[in-house]
Amino acid sequence: MMSFVHLHVHSCYSLLQSTATIPSLVKKAADQGYKALALTDIDAMYGIVDFYRTCLKYKIKPILGVELLVKDPHSEKEGALVFLAKSNEGYRELLKLTSLAQSRAERNRPHLFIHDISEVDDLIVISPFDEGLLQKFIIEKRDADAKRWLTLCQNSVGKDNYFVEIQDHKTPNSHERLYTVLSWVKEESVLFIASNHVHFVEPNEEQALEVLTAIRHGEQWDRETYQNSSPEFALKSPEEMRDKFHYIHEALEQTVTIANRCNVNLPIGETVLPAYPVPNEGSARDFLRQLCQNGATEKYSVVDSDVDERLDYELSVIDSMQYNEYFLIVWDFMKYAREQGILTGPGRGSAAGSLVAYVLGITDVDPLKYDLLFERFLNPERVSMPDIDIDFSDERRDEVIEYVAHKYGKDKVAQIVTFGTLAAKAAIRDAGRALSTDSKLVDQVAKLIPSRPNVTLIKALEESDQLHSLINKNNEAAGIFSIARQIEGLPRHTSVHAAGIVISRDPLTDVVPLQLGADDLAITQYAMGDLEALGLLKMDFLGLRNLSFIEKVLHNIRVRTGQRLDIQKIPFDDSATYELLSEGKTTGIFQLESQGMKSVLQRLKPSMFEDIVAVNALYRPGPMEQIPVYIRRKHGQEEPQYVHPDLKSILERTYGVIVYQEQIMQIASKMAGFSLGEADILRRAVSKKERSILEEQRERFIRGAKQKGYAEQEANNVYDTIVRFADYGFNRSHAVAYSMISYQLAYLKANFHTEFMTSLLSSVMYNQDKIASYLYEAKQNGVGVLPPSINRSEADFTAEETEIRYGLGAVKNVGHRALEAIIAERENGPYTSIDQLCRRIDRKLVPKRALESLILAGACDELQGHRAQQLAALVTTYDQNDTEDGGLVPTDSAKEQLPEVPPFENVEALQYERDVLGTYLSDHPITPYLSTLDGYQRYTIHAAEKQNLVTFRIAGVVEEIRVIRTKKGAQMAFLTIEDEEGRAELTVFPIVYERMVHLCEKGKILFLEVKRDQYGGEEKWNVQRATNVSSLKPISEQPQNENEENQENQLFIRISSHFESKTFLHRLKEELVNHPGNTEVILYYERTKQVRALPSYLAVEPNALLISKLQSLLGEKNIYVKKEHGV
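Counting from 1, position 263 in the sequence shown corresponds to residue 263 in UniProt numbering; the numbering is continuous, with no gaps.
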């Protein structure tokens, strides 16, 4: 029999006010023998569904509650009340009260007023010991206020439902306060309970909670500040509670009475779809069938038996699972999107395998044409809610959400909450900051935590010997690591799910608690998984940037050519598209623009849409190793191999390589007689890799295969193949749908290159690095780039014939309001001078800084004067008063005297240009040196990227420098170099950096010898030598006879066996380093007969001094200089 129940318990969903996770809390309660447990998080009910389900798992009765702030309008005081649901109706009252409190949280903490609870009938209300207003009045000796507040509360909820909480956490003055309150409530004959205010599970989590509190307040933790903390806030056992309150055992028993009065059953697992308003009060089933028949007639010129049979089958499954209205809801908002001209994606996930979805216009993928399986989407043998995620143009997604909210009611539609958590690295940094740990030590620990997703501190510790050593040797590091482990993974703040929308049959406050959201649309307090558990309709309305991008390209085509291209009707056999893909020219193309993918495409040379689908599915860790096999087989360099001859029809399109999950399902169906629904269950089961499940499914598979006439060994071989590829197989429906977007973009780029690049540039308007990269590509493909123009440019990049006009919006410091004002005023005639420009614009909207940037960008070059004069004129004219005519009356341009200042030097003008545009546009600093560089076998950066050279020479401007120290303390650098065609990041290792440190300055133009290396699967360019370009002489001016300098190009050094020691070789290296030059050094090891060419950074100037030193070191006969003509 229970003797006590915890009724005042905070989990980690009392954000940053508890360290107790739901699983650890409930498990501990079960271990302690509790049969009931309450959850009363502060201000919100985020954890209720998880708590409820976890309690059922541990056979504990869940008591559902919340702690809310309640204001007393009479005293202007406020205090907390704990609310517990007695019944399902009480649970609904909890939802409404919590939602109401949160609706007032815009500027303040969520709160209620006492009159808000006047009509609740099915709630237990507890005045908490520390935060309750009644206790505050009692402690402050405000007896009249205490009695008034008590009467208000009891009248609101009933005397039998109102309880006062007594606690003893052994904090300063806690005993005195306890007895003061206890005496008062006994005297007033008020019901009371003894309880424990639970904030963590184990007593040793006390400091972790204090650190969380410090993080919440942005403070630093210290013992004095947190003296009211106590290990007593842990989840105490019934025995511990009996010992603590042995003198008022009736107060403990009262908690059991309350627990017995609280009985809530949540509708877990029930599906609650909203009703779709079917015309003429018809049935959803019949209306859906009619829509599908109409859609099939539109999609197919002939509706054959394959279409009819597939539609009948899918509709029967949908009807048997009672999902007719689900499909009607999706059809309806997709119809709205199309009618409004909002571009939607061809499909996402397994929904592309549904013919119903295709004929309804929900997807654009024909599952019959692409051999996609309905059972991968909706399995009649595994009942689960269908999941149709929709991609919309990210700039118009909100229009569709607004439509849905209007159609079904804003009280029935909401966005979905999600939680930002204290991930491993963040937990280290937050704990270190709160504990006032030296920032360098915190950085040192944090940098040893990998940045990859889902890494935990324990995993990091297992993987890193350095981290393990640091924690063992440094007590401070060990301290922050220990605290970080206790707070790792806890929710830190709420956010809005990027795509999730919930649509309810009933007003949402009857079903879930809500909180404030943007644009009048509330946010659920329950996360995605909890909403699904309650059977609510959840949908993902995803905003896909690439769809907005396609819309922009189509718009640009329409503006420039008048052609209204329907992206759904482009040919999928366009040779120009496949040529572009085969050349790896896929910058800006969805899923295909990484360097690795470009390399795969160049080797694959796709010739049909299936190749794009396959490569998108294979280009992932694991199956990536099959890419070379696929390529060899496609090009006839290797015969396809099939795990069994009977499976050729399934695997033929992928040359015998298992690529898709659907292929695994088809194999199980063909070879072992599984239905496709059963095959999907098999696929899911074996992917879990649990031995018992694997063996159980193996037996079933072999039994089915033998019944179909296959030998047991054959069946085992095929089953082993299924197990091996179950993890790697990709959803073919998703691959086909997303490959359509890839193909559409590739088609637009291949056939409307200028419009494509214009749109691509506009899509990254505020990313100057990407703009620079895309401009280089445009130029490399013969598209001219016109400079920004105050009179011709729009805000975005625009197409002018076959050229791209730079957009004013991409000029630094020119804001949206300034652009609108400049472009609007331009309707009254072109600008002619800086003076006129300043008189015509509204200076409240266009700051001087914006005009300065436009001048430096060259946007005002068509106005009077050069850039330096325009800047000087701006200083004098911008602040002058407006003329009476506002600048509309033409002025005598001859009278507009421009300041007499010299023009910028070319290099200076170009640097200003780059500062505001992120790239050189009108020219490049390297231009004056191009004729000199021609004789030095120099590659442009773009050409070098395409060549497969180990060493090569490039030249460019140093744009960025990052200097670091190695573990040995030596300095090295990373340089960003830019030439007329591109940018590259170069690594300069210590020994080279030491010799070229004087050249590592921003703005210097260098001639570099580079070596291409691979590190961790990534290509790196390492600098071997560097020279200032200005010191190079044209080849025609190089010395031509043997008496002139720099003729020697190889220095041979013979190393005898007694000179092979490290000490000697170090001395030799020192001499070489001290005489840098252009002559290669070759070592010949006499003992091993090996020849070794030293790296180019050890090349020397073989003058008389060096030769003399080397001869004295090694002997005269061991040094030989080979002389050749030329460079």
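Backbone N, C-alpha and C fix where the C-beta goes; we use that ideal spot for every residue, glycine too.
It should be emphasised that the depicted structure is a prediction, and the values quoted were computed from it without experimental measurement.
In this structure, DSSP gives T151 a helical state, which the three-state scheme calls helix. In the three-state scheme derived from DSSP, where H, G and I count as helix and E and B as strand, D1013 is classed as strand.
Between E476 and P23, the alpha-carbon positions lie close to 30 Å from each other. The alpha carbon of F233 has as its nearest neighbour, out of L209, E325, R867 and F51, the alpha carbon of L209. With a cutoff of 8 Å on beta-carbon distance, L373 and V365 are scored as not near each other.
Distance from L355 to L311 at the Cβ level is roughly 6 Å; contact confirmed, criterion being Cβ atoms closer than 8 Å.
If you check the CB distance, P623 and Y728 come in under 8 Å. If the five residues before and after Y323 are omitted, its C-beta is found closer than 7 Å to the C-beta atoms of P386, all from its own chain and listed in chain order.
Contact annotation: the stretch 266-284 does not touch the stretch 134-145, with fewer than three C-beta pairs closer than 8 Å. Where R1054 is concerned, the enclosing beta strand (DSSP E) starts and stops at E1048 to I1055. Segment contact: the stretch 154-165 against the stretch 92-99, fewer than three CB-CB distances shorter than 8 Å; contact not assigned. DSSP places N1022 within a strand segment (E or B) once states are collapsed to three. Between V502 and L521, the gap from beta carbon to beta carbon reaches 8 Å or more.
For the options A427, Y831 and M45, the alpha carbon positioned closest to that of Y13 is the one of M45. Closest in C-alpha terms to Q154, from the list I126, S174 and S316, comes I126.
Given a length threshold of 4 residues, each whole run of the alpha helix (DSSP H) inside the stretch 466-531 is given here in chain order: 475-487. Note that the C-beta distance between K1122 and F1052 is below 8 Å. Residue pairing from DSSP places G784 in a beta bridge opposite E803.
Between V1081 and L1065, the C-beta gap is not smaller than 8 Å, which leaves the two residues out of contact.
Positions of the beta strand (DSSP E) runs, each at least 3 residues long and wholly inside the stretch 720-804, are given as 784-786 and 798-800 in order along the chain. Spatial neighbours of A868 in its own chain (CB-CB distance under 6 Å, excluding positions within 5 residues in sequence) are listed in chain order as V901, P903 and F904. Between G347 and N731, the beta carbon gap of about 11 Å keeps them out of contact (Cβ cut-off 8 Å). In chain order, H169, K170 and T171 place their CB closer than 6 Å to the CB of S230, counting only its own chain and leaving out the 5 sequence neighbours on each side.
By the Cβ neighbour-count rule, P203 is exposed, with fewer than 16 other Cβ atoms within 10 Å of its own.
For D143, the three-state secondary structure derived from DSSP is helix. Counting the other CB atoms within 10 Å of its CB gives G218 a total below 16, which places it among the exposed residues. For P380, the CB contacts under 8 Å within the same chain, skipping 5 residues up- and downstream, are V317, S320, M321 and G677 in chain order. For P203, the secondary structure class from DSSP, reduced to helix, strand or coil, is helix.
Here the C-alpha atom of E140 lies approximately 37 Å from the C-alpha atom of A431. Secondary structure at K407: helix, using DSSP grouped into helix, strand and coil. Linking G865 to I961 through their CA atoms gives a straight-line distance of about 36 Å. Counting C-beta pairs with one atom in each stretch, the stretch 546-558 and the stretch 704-716 have fewer than three that are closer than 8 Å, which means they do not touch. Contact fails between the stretch 444-462 and the stretch 532-544, because fewer than three Cβ pairs, one in each stretch, are under 8 Å apart.
Judged by their CB atoms, L37 and A29 are nearer to each other than the 8 Å cut-off. In this chain, the beta strand (DSSP E) harbouring Y1084 covers P1076 to Y1085. The stretch 495-515 makes contact with the stretch 403-418; the number of CB pairs closer than 8 Å reaches 3 or more.
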